[in-house]
Structures are given as structure tokens and as C-alpha cells.
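Numbering (the numbering used here), first residue to last: 22 to 348. Here is the structure we will look at.
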Amino acid sequence: MKSKFLKSAVLGLSTAALLAGAAATAQAEQKFVTIGTGGQTGVYYVVGQSICKLVNRGQKDHEIKCTAPSTGGSVANLNAIANGEQDMGVAQSDWQYHAYNGTAPDKFPNGANKELRAVFSVHPEPFTVVARKDSGIKTFADLKGKRVNVGNPGSGARGTMEVVMEKLGWSMSDFKLAAELKSAEQAAALCDNKIDAIVFTVGHPSGTIKEATTSCESVIVPVTGPEIDALVNDNAYYAKATVVGGTYDGTAEDVETFGVGATFVSSTKADEETIYQVVKAVFDNFDRFKRLHPAFANLKEENMIKNNLSAPLHPGAERYYKERGWM
Ligand code: GLU
């Protein structure tokens, strides 16, 4: 911009023309990027907001302006990235795998997205069932015949619930009511006694589950058994998981379940420099990042760059990790 200013001055342009020219140049250099998240009371929303906060702090150096709107969740984000509607997004490890490999055509009608790129993994997400205490639900099997929020289409949580149901041979008609509420709506529905239980694959502690366990008496229900063991043994993107006792009111003991990892993804459509700057903003300020949500507190750089990632790393991320000597 400086050299352009000098050249124009030599040509004797008016100050107004110069300023207009400079403004147009500045605008052209600004780059707007979006991160797809999830519901506003989930953890994905905080992941996206936190990454953008760190990126936007460095805006004067790289001219990248980042926004992280609320979305339907993992599957919606992966489809939006494939369509070029979002540059980046947060997604469960199981749905990242299926999006890249084309192994879930009902969720990804356009088939395998070979342009999908992993950037890093984030927090663990246990498959979490919360039931009203007065519902008497004590195990996952007890959900049969009850009013259950299976989650909104587009969320990864809903997709993983469908996988578990299929493994058990259940269908939606096995519930008295199968609600499709968005994650931000489900705690109020539970405590208003419109539903008996919610099923949500989410990091802990999460705003949604806090709300569901403080606004009314409710408990976290274990999800175990041979079908769950088989899911974990047969698929690298699932692992055994625990909701640590005392995280929420009403559940003092550890609760066993299984889970996935939250991951941060993009695509080859996003240029190397942009993703490099985004990754740099996070890892150059990693202690600050980890303080932005308690679910981030135990994150470790060395795990984040390899665990739960099934798509290849984005070249911009790889460039930063190599620079740091991490690979
Ligand atoms: N794992 C959830 C999903 O993909 C979102 C969890 C969150 O919002 O933190 O639908």
C-alpha cells in the first residue's frame, strides 16, 4: 500500500482520490472467514468463538476477519464446508471420518469429500444421556417407551444416536415421543417435563447439561453393554468415555459411556496462508485458548495434531506444526 501511495503521489492525484484508492486496497485485502459451530449453549460454539477471538486480535497483521455463527452441528458443518458455504467448522471425529470416506450417504448425499482437511482435534465428547429423576430411567435400555430428544437433523449428536439405535435394532417408534429439538432447546424441554431424557454428544462441562441438571432434578445415565463395546472395538473414531462424577448436580459418581472427539476441519478450498494464520493464532496463544472454556483445560498440542483426525492435515496447519518442530 505504501508503494502505491508513493507512485500515485508522483502522478499528482488529488488527496481524495488517493484516500479512496487506499481504502479500496485495504478492503480488497481483508479476508472474511467463517467457522461453523453448533448450538449456542454447546461447546462447539465456544470453540469457534475462541478461535475467532484469537484470530481477530491479530487482524492488523494478517487482515483476516473471522466469524463463528451458531449452526446445526457437525453434519451441517461438514456439508457446508463441502459446498463452500463455510471455510472451517467443528465436527465430531466419527462424522469427519464418514464425510471424508463417503461412508454415510444419508448424511452426505454428495459422496466422499476428498477436499476435506483436518486442522486439529479439540476436546473429548462423551455420548451423554440425561434423564429426569422422576422418569425412573437408569440405563440406556430404559429409554424405550419414553419421551426422548434424539437431537436435530444436521447435528453429529443425532447421527451418533442413530448409529447406537441401529446397533440395538431400535427405531424411532420405540419411543413414546422422539423429539428433534435443537441442542439449545432441550434442557428447557426436559425441565418443563415435555420430555423424559435428552441425548447429546458434547464436551464437559457443557452449558446445556448444566442447565438440565440445575433447573430440575436430573441424572446422567450410563451407556454400556456388548453393542457399545462392539461399536468401540470396530471403529477407531469411537472410544470408551467417562462423565466425571461431580461435574453436574445430581450425579456424584463417574458415569461410563462411549464417545468421540471434537475436531476442527477445513478444506483444500481454504488457502494455505489463511489456515496457517488461524492455527498460529491458536497455538501461539495456547494458554489463553485453554482458559476460554473448562473443556479445553487438558488439551495437549501433541495430541491435538494427530488424535481423532481421519482426513489429511491441511497444508497450512502442517506448515505451522513443522515450523514448531512438532512433526
Ligand atoms: N457434537 C455435537 C454435534 O455435532 C455438538 C456439540 C456442541 O455443540 O458442543 O452435533
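Glycine is no exception: its CB is placed at the ideal position from the N, C-alpha and C atoms. For clarity, every value in this text was computed on a predicted model and none was experimentally measured.
* To do: Using only the heavy atoms of the ligand GLU, determine whether one of them is closer than 7 Å to the beta carbon of residue 349.
  => Outside the displayed range of the chain (22 to 348) lies residue 349, so it cannot be described from this structure.
* Asked: Taking DSSP as the reference, what is the three-state secondary structure of residue 212?
  -> Taking the sequence shown and counting its residues from 1, one reaches residue 212 at position 191. Reduced to three states, the DSSP call for residue 212 is helix.
* To do: Mark residue 64 as exposed unless 16 or more other C-beta atoms lie within 10 angstroms of its C-beta, in which case mark it buried.
  => The residue you call residue 64 lines up with position 43 of the sequence shown. So residue 64 ends up on the buried side.
* **Strand pairing of residue 269, partner residues [DSSP]** => Reading the sequence shown from its first residue, position 248 is the one you call residue 269. Per DSSP, 272.
* Could you say which of 314, 245 and 343 lies nearest to residue 74 if we only look at CA atoms? => Counting from 1 along the sequence shown, the entry for residue 74 is found at position 53. When only C-alpha atoms are compared, the closest one is 314.
* Below 8 Å between beta carbons: does that hold for residue 147 and residue 266? -> Stepping through the sequence shown from its first residue, residue 147 is reached at position 126. Stepping through the sequence shown from its first residue, residue 266 is reached at position 245. Contact: no.
* Beta-carbon gap between residue 331 and residue 102 smaller than 8 Å -> Taking the first residue of the sequence shown as 1, we reach residue 331 at position 310. Taking the first residue of the sequence shown as 1, we reach residue 102 at position 81. Cβ atoms of residue 331 and residue 102: not closer than 8 Å.
* Between the region 233-240 and the region 200-219, are three or more C-beta pairs nearer than 8 Å? -> Contact between the region 233-240 and the region 200-219 is present: 3 or more CB-CB pairs across the two stretches fall below 8 Å.
* Identify the continuous beta strand (DSSP E) that holds residue 141 and give its terminal residues. => For this step, residue 141 is matched to residue 120 along the sequence shown. Residue 141: member of the beta strand (DSSP E) spanning 137-153, first to last residue.
* When DSSP labels each residue in this structure, what does residue 105 get in the three-state scheme? -> For this step, residue 105 is matched to residue 84 along the sequence shown. Correct three-state label for residue 105: coil.
* Three-state class that DSSP yields for residue 283 in the structure shown -> As a working note, residue 283 is residue 262 in the sequence shown. Residue 283 falls in the strand class under three-state DSSP.
* Asked: In this structure, what does DSSP give as the bridge partners for residue 198?
  -> Counting from 1 along the sequence shown, the entry for residue 198 is found at position 177. Note: residue 198 sits in a beta bridge opposite 168.
* To do: For residue 53, count neighbouring C-beta atoms within 10 Å of its own C-beta (all shown protein chains included) and say buried if the count is 16 or more, exposed if not.
  => As a working mapping, residue 53 is identified with position 32 in the sequence shown. Exposed.
* Might you give, ordered along the chain, the residues of its own chain that have their beta carbon closer than 8 Å to the beta carbon of residue 325, omitting 5 neighbours on each side? => Against the sequence shown, residue 325 aligns to sequence position 304. Within the same chain, Cβ atoms closer than 8 Å to the Cβ of residue 325 are found at 141, 142 and 143, the five residues on either side in sequence being excluded.
* Just how far apart, CA to CA, sit residue 23 and residue 51? -> Numbered from 1 along the sequence shown, position 2 holds the residue referred to as residue 23. Numbered from 1 along the sequence shown, position 30 holds the residue referred to as residue 51. Any reading at residue 23 must be qualified, since the residue scores a pLDDT of 33, below 50, and its modelled position is unreliable; no value is offered.
* Asked: Quick one: complete alpha helix (DSSP H) runs, 4+ long, within the region 82-129?
  -> Segments of the alpha helix (DSSP H) lying fully in the region 82-129: 95-103 and 114-122.
* Keeping to the same chain, check which residues put their C-beta closer than 8 Å to that of residue 349; ignore five residues upstream and five downstream. => The first residue shown for the chain is 22 and the last is 348, placing residue 349 beyond what the model contains.
* Burial state of residue 339, where buried means 16 or more other Cβ atoms lie within 10 Å -> The residue given as residue 339 occupies position 318 in the sequence shown. Counting Cβ neighbours within 10 Å, residue 339 comes out buried, since at least 16 surround it.
* N-terminal and C-terminal residue of the alpha helix (DSSP H) that residue 228 is part of -> Within the sequence shown, residue 228 is the residue found at index 207, counting from 1. Run containing residue 228: 228-235, per the alpha helix (DSSP H) assignment.
* Report the option in 202, 294 and 348 whose CA atom is closest to the CA atom of residue 172. => Position 151 of the sequence shown, counted from the first residue, corresponds to residue 172. Among 202, 294 and 348, the Cα nearest to that of residue 172 is on 202.
* Report the three-state DSSP secondary structure of residue 156 (helix, strand or coil). => For the purposes of this step, residue 156 is taken as the residue at position 135 of the sequence shown. In the structure shown, residue 156 sits in a helix (DSSP, three-state: H, G or I).
* **Buried or exposed (CB count within 10 angstroms, at least 16 for buried), residue 341** => Stepping through the sequence shown from its first residue, residue 341 is reached at position 320. Buried, because 16 or more other Cβ atoms sit within 10 Å of the Cβ of residue 341.
* To do: List the DSSP bridge partners of residue 76.
  => For the purposes of this step, residue 76 is identified with residue 55 of the sequence shown, where counting begins at 1. For residue 76, which the question treats as bridged, DSSP gives no partner whatsoever.
* Cβ of residue 177 within 8 Å of Cβ of residue 116? -> Here residue 177 refers to the residue found at position 156 of the sequence shown. Here residue 116 refers to the residue found at position 95 of the sequence shown. In this structure, residue 116 lies closer than 8 Å to residue 177 by Cβ.
* If you draw a straight line from the alpha carbon of residue 286 to that of residue 72, how long is it in whole angstroms? -> To locate residue 286, count along the sequence shown from 1; it is residue 265. To locate residue 72, count along the sequence shown from 1; it is residue 51. In a straight line, the C-alpha of residue 286 is about 12 Å away from that of residue 72.
* Report the residue from 98, 156, 151 and 162 whose alpha carbon sits nearest the alpha carbon of residue 134. => As a first step, residue 134 must be located in the sequence shown, where it is residue number 113. Nearest of 98, 156, 151 and 162 to residue 134, Cα basis: 98.
* Determine the direct distance from the alpha carbon of residue 316 to that of residue 264, and round the result to whole angstroms. => Locating residue 264 in the sequence shown gives position 243, where the first residue counts as 1. Locating residue 316 in the sequence shown gives position 295, where the first residue counts as 1. Residue 264 and residue 316: Cα-Cα distance of roughly 12 Å.
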